[in-house]
């Protein structure tokens, strides 16, 4: 494609000036296409075809905020019969215009934008091309921070749907109609990379809204992201399992090594609290329980019960000053096996032996129930 030469640039200036002469000359940029002239009577709304190319998605849920940051090329195409020019020789493919204020442009805005900016390095990243038939192509590059409400019940096995909402700010649907480009309205670049997320799919739709001032045309891009679970498995789930297993080592230490047992379990419990607090600090505060809360809460419970087991063993174990059992006949009316079982279960050594088997068994059952609950839920 090639733009007009210097002489052709003067031609477009003359075309635009001539098209906006008479009483509308100073107001042409504010007047919708096809509203003036005997041969240009608008029977329907001005149609604007929209095409967007997300170039970069730099962050979803950054700094525990419910938002996404995206950089995209945004293109609009419409027809303005006032800009038709003669190209009978077929030498001019299109004319370039550097100042968009000289012609009418749609008053579009991003409905869920929190902040944004245009790119102006080295030159403003925008262009306007006017074709002989009056078609106008307006392309610009923008960076946006968009609001993205999230449901974190399944975190970190969740999927999130973020939207890009585009609408007319002041023109009702009777005056301006937004349509997606017929083919490939949204083009995703091949090298698009998201930290901790992957783009599963995207769809386009319409989201016209009605207010007291009328109905407004609206376009929406629905982008579904899947969280990369492997990162969270290695940084959250595996460390939690290791801390729980480390707490079980106290069951194998000598019952009289009370300080060592308490230190071992106490460190595991402290690290578990620190890990859970770090997870919640990286997420926005919510009023419901997340999948990761169930995991860390149950793991902390296992470590806490290991600490309780130490207290029970210490309570049941005779002190060094009173380690001599009172002499006398064995309990009357009970078999030796019953007496042995009772004394074994009520002794510190017996509690340790039972805990060595019971804690891992219950933890495995918890694992089965946890994954059987959340894996199908995340896949649905």
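Residue numbers (my numbering): 4 to 383. Even for Gly, the Cβ is constructed at its ideal location relative to N, Cα and C.
Query                                                                                                                                                                 : Result
In whole angstroms, give me the CA-to-CA distance for residue 113 and residue 132.                                                                                    : 23 Å
What number of angstroms, rounded off, separates the C-alpha of residue 305 from the C-alpha of residue 360?                                                          : 13 Å
Can you find the residues in the same chain that come closer than 7 Å, C-beta to C-beta, to residue 50, ignoring five residues on each side of it along the sequence? : 81, 180 and 182
In the DSSP output, which residue or residues are listed as bridge partners for residue 279?                                                                          : Paired residue(s): none; residue 279 is not in a bridge.
Cα-Cα, which of 142, 115 and 127 is closest to residue 56?                                                                                                            : 142
Are the beta-carbon atoms of residue 223 and residue 166 separated by less than 8 Å?                                                                                  : yes
Skipping 5 residues on each side, what residues in its chain have a beta carbon closer than 7 Å to that of residue 315?                                               : 354
According to the neighbour-count rule (16 or more other Cβ atoms, all chains shown, within 10 Å of its Cβ), is residue 209 buried or exposed?                         : exposed
Let's test the definition: count the other Cβ atoms within 10 Å of the Cβ of residue 430 and tell me whether it reaches 16, buried, or not, exposed.                  : Beyond the ends of the chain as shown, which are 4 and 383, falls residue 430; an answer cannot be given.
Starting from the Cα of residue 126, find the closest Cα among 366, 106, 144 and 312 and give me that residue.                                                        : 144
Taking C-alpha atoms, which residue in 302, 257, 92 and 220 lies nearest to residue 278?                                                                              : 302
Can you grab the Cα-Cα spacing for the pair residue 276 / residue 310, in whole Å?                                                                                    : 14 Å
May I have the straight-line CA-CA distance separating residue 376 from residue 296, to the nearest angstrom?                                                         : 14 Å
Give the straight-line distance between the Cα atoms of residue 90 and residue 204, rounded to the nearest whole angstrom.                                            : 43 Å
Sorted by chain position, which residues of the same chain lie with C-beta nearer than 6 Å to residue 134's C-beta, five sequence neighbours on each side aside?      : 97
State the DSSP-derived secondary structure class of residue 180, mapped to helix, strand or coil.                                                                     : strand
Report, in whole angstroms, the separation of the C-beta atoms of residue 58 and residue 206, which I expect to be a contact under 8 Å.                               : At roughly 19 Å, the Cβ-Cβ gap does not stay under 8 Å, so residue 58 and residue 206 are not in contact.
For residue 215 and chain E, any beta-carbon pair shorter than 8 Å?                                                                                                   : Looking for chain E here will not work: only one protein chain is present.
Would residue 169 and residue 221 be called neighbours here (beta carbons separated by less than 8 Å)?                                                                : yes
Tell me whether residue 137 is buried or exposed, calling it buried when 16 or more other Cβ atoms sit within 10 Å of its Cβ.                                         : buried
Tell me which same chain residues have a C-beta within less than 8 Å of the C-beta of residue 212, skipping the five on either side of it?                            : 170, 218, 219 and 221
On the three-state DSSP scale, how would you describe residue 137?                                                                                                    : coil
Using beta-carbon positions only, say whether residue 225 and residue 164 come within less than 8 Å of one another.                                                   : yes
When we look at the beta-carbon of residue 234 and count the other beta-carbons within 10 Å, is it buried (16 or more) or exposed?                                    : exposed
Go through its chain and collect everything with a Cβ distance to residue 61's Cβ below 6 Å, but skip five positions before and after it.                             : 72
Taking a contact to mean a Cβ-Cβ separation below 8 Å, would you say residue 240 touches residue 298 in this structure?                                               : yes
Residue 68 to residue 93, Cα distance in whole Å?                                                                                                                     : 53 Å
If you check the beta carbons only, do residue 294 and residue 157 fall under 8 Å apart?                                                                              : yes
What is the DSSP secondary structure of residue 363, reduced to helix, strand or coil?                                                                                : helix
Is the beta carbon of residue 149 closer than 8 Å to that of residue 117?                                                                                             : yes
Would you grab the beta carbon distance between residue 246 and residue 271 for me? Rounded to a whole angstrom, and I think it's under 8 Å.                          : 5 Å
What is the DSSP secondary structure of residue 97, counted as helix, strand or coil?                                                                                 : coil
Excluding the 5 residues flanking residue 358 on each side, which residues of the same chain have their C-beta closer than 7 Å to its C-beta?                         : 254 and 312
Would you check if the distance between the CB atom of residue 146 and the CB atom of residue 79 is smaller than 8 Å?                                                 : no
If you check the beta carbons only, do residue 63 and residue 197 fall under 8 Å apart?                                                                               : yes
Taking DSSP as the reference, what is the three-state secondary structure of residue 88?                                                                              : coil
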